[in-house]
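*Asks:*
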Amino acid sequence: MLVSRMQGPHFPKGDQDGKLSIVVDSLDPILALSKYQRTKSAAPRLRLSKKLLAKQQRSDDESEPVRAMSAKERAFYASPYLRMLSTPLRQCFLTKRMLPSAFLLRFYPMRLPNLSFGKPAQLIVPDGLEHPDFKPRRAGAGYYIVLRNAALEQLSKKGGYKRLSNNVTMHSEFPRQISHLLRLRVLQEIHVLAERLRFRREGATEFPLIRRLTRAEYKQVRSTGIIPYENAVAVLVVPPLNRDQLTKKRPEPSMSSAPLDPPTVADSPPQYSRPLPPLSEFLRTGPETFEDDDSLSSLIPQSKVPLYNGLSLFPSRNQRAALHSALCDLLKIEWQHRFQENAQKARAARVSIPHTGTPRIPPDERKRKTPWPHGDDKGSHAFLLCSDEKTIMRADTVPLAIALWRIRIWEGAGWEGDAVGGWASS
Numbered sequence: 055m056l057v058s059r060m061q062g063p064h065f066p067k068g069d070q071d072g073k074l075s076i077v078v079d080s081l082d083p084i085l086a087l088s089k090y091q092r093t094k095s096a097a098p099r100l101r102l103s104k105k106l107l108a109k110q111q112r113s114d115d116e117s118e119p120v121r122a123m124s125a126k127e128r129a130f131y132a133s134p135y136l137r138m139l140s141t142p143l144r145q146c147f148l149t150k151r152m153l154p155s156a157f158l159l160r161f162y163p164m165r166l167p168n169l170s171f172g173k174p175a176q177l178i179v180p181d182g183l184e185h186p187d188f189k190p191r192r193a194g195a196g197y198y199i200v201l202r203n204a205a206l207e208q209l210s211k212k213g214g215y216k217r218l219s220n221n222v223t224m225h226s227e228f229p230r231q232i233s234h235l236l237r238l239r240v241l242q243e244i245h246v247l248a249e250r251l252r253f254r255r256e257g258a259t260e261f262p263l264i265r266r267l268t269r270a271e272y273k274q275v276r277s278t279g280i281i282p283y284e285n286a287v288a289v290l291v292v293p294p295l296n297r298d299q300l301t302k303k304r305p306e307p308s309m310s311s312a313p314l315d316p317p318t319v320a321d322s323p324p325q326y327s328r329p330l331p332p333l334s335e336f337l338r339t340g341p342e343t344f345e346d347d348d349s350l351s352s353l354i355p356q357s358k359v360p361l362y363n364g365l366s367l368f369p370s371r372n373q374r375a376a377l378h379s380a381l382c383d384l385l386k387i388e389w390q391h392r393f394q395e396n397a398q399k400a401r402a403a404r405v406s407i408p409h410t411g412t413p414r415i416p417p418d419e420r421k422r423k424t425p426w427p428h429g430d431d432k433g434s435h436a437f438l439l440c441s442d443e444k445t446i447m448r449a450d451t452v453p454l455a456i457a458l459w460r461i462r463i464w465e466g467a468g469w470e471g472d473a474v475g476g477w478a479s480s
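The sequence shown maps to residues 55 to 480 in the working numbering.
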């Protein structure tokens, strides 16, 4: 009978100086456990700063240095659907299913001031809905539930939240509060995007993050049902608000986290008394092509892009005014960057080309060569939001796309189960 000999751990030959000491340079796996621990390599970053590169050069750490993302990794990181699926898994309090936290609503019972003797009362409040720059998330444990209005109503009707504590309550305006904060998160994401984009001028001409579709482009999108842009992640149709019939003033933009008055019929102009358009629509990125193939399962579903109607997306006129104003501010920043970039290129071209005494072009001639757009060449009310491996180097539009998508699933879209394909193709 053969008995296999137990082999011990592999010991290194020694340290870099070639010294071995029983006390100082012990290679025993019990005394020097850190020498045998396997650690994960650091996650790649979108860009490496000069400060980080200098720190890695000065460091004597033998671990793998932090590296920048490759073009393929940047393409994955620029997808809002992959970003949502990569969020930490949490268990739904109602269904007991594990889901990415991007599809869940976080809440916790907040203890109220005790005004009488006895056990203090608790109130269920949302947590982490606003951007961390405006309101950081509460530290500590919390609970999660599917981000859907119907699920929250089911939890309140059955009294399932009583499992947390006997003295916990849920106020009647809790669903309306969630709806308000989800829309506020969109406004906050646009504000953060504008602040970060303000200092990144390079690439504004070649890789725009947001732009208006012309009237001709928007008509083509509505007639064909196709958004022919590879890096499109969302299209927002947000027309400017009309003046009030009584006060003759436009509504003031509001980004307050305090609850707003619910929209009434009197707040809407007569032309909007007809049924509202759907909150979102899924449009293809190209024409449907079916090849002669026996196995239909081999066909890859075509990706689709959500088109959001601002009238249904933001029922509150004050929030919708803030949305239109924030999108116009983003367009203004992009226009300024393009203007500065083109002016810089023109100055560089004048320096490189010797002066030949070309006569100066009269202002009227310049005006005729660069006319203002007319007709279908004018901008429409549709805003195109883009994200790919090139635009993400300027600024990240994925959080804005995720905030819009969370409003969509909160209102009940995407949970029916009749879709075929993936997140971007259903």
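All C-beta atoms in this analysis are idealised placements derived from N, C-alpha and C, irrespective of residue type, glycine included.
For C382, which beta-bridge partners are listed by DSSP?
*Replies:* The partner list for C382 (beta bridge, DSSP) is empty, contrary to what the question assumes.
*Asks:* Please state whether DSSP places L367 in a helix, a strand or coil.
*Replies:* L367: helix per DSSP, three-state reduction.
*Asks:* Run through the segment 97 to 162 for me and flag every whole beta strand (DSSP E) of 3 or more residues, listed as ranges in chain order.
*Replies:* For the segment 97 to 162, whole beta strand (DSSP E) runs of length 3 or above, ordered along the chain, are 143 to 145, 152 to 154.
*Asks:* On the three-state DSSP scale, how would you describe R230?
*Replies:* Here R230 sits in helix by DSSP.
*Asks:* Would you list the residues sitting across from P199 in a DSSP beta bridge?
*Replies:* According to the sequence displayed, residue 199 carries Ile and not Pro. Paired residues: L159.
*Asks:* What do you get for G429, buried or exposed, if any count of 16 or more other CB atoms within 10 angstroms of its CB means buried?
*Replies:* Exposed is the call here.
*Asks:* I463 by DSSP, collapsed to three states: which one?
*Replies:* It is helical.
*Asks:* Leaving aside the five residues before and after L247 along the sequence, list all residues of the same chain whose C-beta is less than 8 Å from its C-beta, in chain order.
*Replies:* Closer than 8 Å at Cβ, skipping near neighbours: L263, L384, A449, D450, T451, P453, L454.
*Asks:* Pair every Cβ in the segment 140 to 149 with every Cβ in the segment 205 to 223, then say whether three or more of these pairs are closer than 8 Å.
*Replies:* The answer is yes - the segment 205 to 223 touches the segment 140 to 149, with three or more Cβ pairs under 8 Å.
*Asks:* Quick one: grab the DSSP three-state call for Q91.
*Replies:* Q91 falls in the coil class under three-state DSSP.
*Asks:* Do you know how far the Cα of S441 is from the Cα of A125?
*Replies:* Those two C-alpha atoms are separated by around 13 Å.
*Asks:* Mind reading off the beta-carbon distance from A156 to I456? Whole number of angstroms is fine, and I expect it under 8 Å.
*Replies:* Contact flag correct, Cβ pair sits at about 6 Å.
*Asks:* Touch check for the segment 391 to 400 and the segment 223 to 231: three-plus C-beta pairs under 8 Å?
*Replies:* With a cut-off of 8 Å, the segment 223 to 231 and the segment 391 to 400 do not count as touching, because too few Cβ pairs lie within range.
*Asks:* Can you have a look at A320 and say buried or exposed, based on whether 16 or more other CB atoms are within 10 angstroms of its CB?
*Replies:* Residue confidence is low: A320 scores 44 on pLDDT, short of 50, so the model does not pin down where it sits. Its coordinate-derived value is still stated next. A320 should be labelled exposed.
*Asks:* For a test of the three-state rule: what should DSSP assign to T278, helix, strand or coil?
*Replies:* Correct three-state label for T278: helix.
*Asks:* For G386 and L267, I'd like the C-alpha separation in whole angstroms.
*Replies:* Reading the sequence as shown, one finds Lys at residue 386 and not Gly. In a straight line, the C-alpha of K386 is about 15 Å away from that of L267.
*Asks:* I believe P369 touches S334 by the beta-carbon criterion, under 8 Å. Please report the beta-carbon distance rounded to the nearest angstrom.
*Replies:* Contact doesn't hold; Cβ gap of about 14 Å is too wide.
*Asks:* To the nearest angstrom, how far is the alpha carbon of V292 from that of E243?
*Replies:* Roughly 17 Å between the two C-alpha positions.
*Asks:* So what's G433 in DSSP terms, helix, strand or just coil?
*Replies:* Note: G433 maps to strand in three-state DSSP.
*Asks:* Exposed or buried, V459, counting other C-beta atoms within 10 Å across all chains shown (16 or more means buried)?
*Replies:* One detail in the question is off: residue 459 reads as Trp in this sequence, not Val. It counts as buried.
*Asks:* Can you tell me where the beta strand (DSSP E) holding R266 begins and where it ends?
*Replies:* Per DSSP, R266 belongs to the beta strand (DSSP E) from 264 to 268.
*Asks:* Would you say M123 and P98 are within 8 Å of each other, going by their C-beta atoms?
*Replies:* Contact flag set, yes.
*Asks:* Output the distance between the C-alpha atoms of P186 and P83, rounded to the nearest integer angstrom.
*Replies:* Each residue's Cα considered, the two are about 43 Å apart.
*Asks:* For the beta strand (DSSP E) containing R297, name the first residue and the last one.
*Replies:* Where R297 is concerned, there is no enclosing beta strand (DSSP E), given that its DSSP letter is neither H nor E.
*Asks:* Residues in its own chain within less than 7 Å of T434 by CB, not counting five upstream and five downstream?
*Replies:* For clarity, residue 434 is Ser in the given sequence; the question names Thr instead. Taken in chain order, the residues that qualify are R266, L267, T268, R269, Y272.
*Asks:* Between the C-alpha atoms of L183 and G194, what's the straight-line distance to the nearest angstrom?
*Replies:* In a straight line, the C-alpha of L183 is about 16 Å away from that of G194.
*Asks:* Name the DSSP bridge partner or partners of T223?
*Replies:* DSSP, once it has assigned bridges, lists L177 as partnering T223.
*Asks:* If you reduce the DSSP assignment to three classes, tell me which class E271 lands in.
*Replies:* E271: helix per DSSP, three-state reduction.
*Asks:* Does the distance from the C-beta atom of P154 to that of M138 stay below 8 Å?
*Replies:* Yes, the Cβ-Cβ distance between P154 and M138 is below 8 Å.
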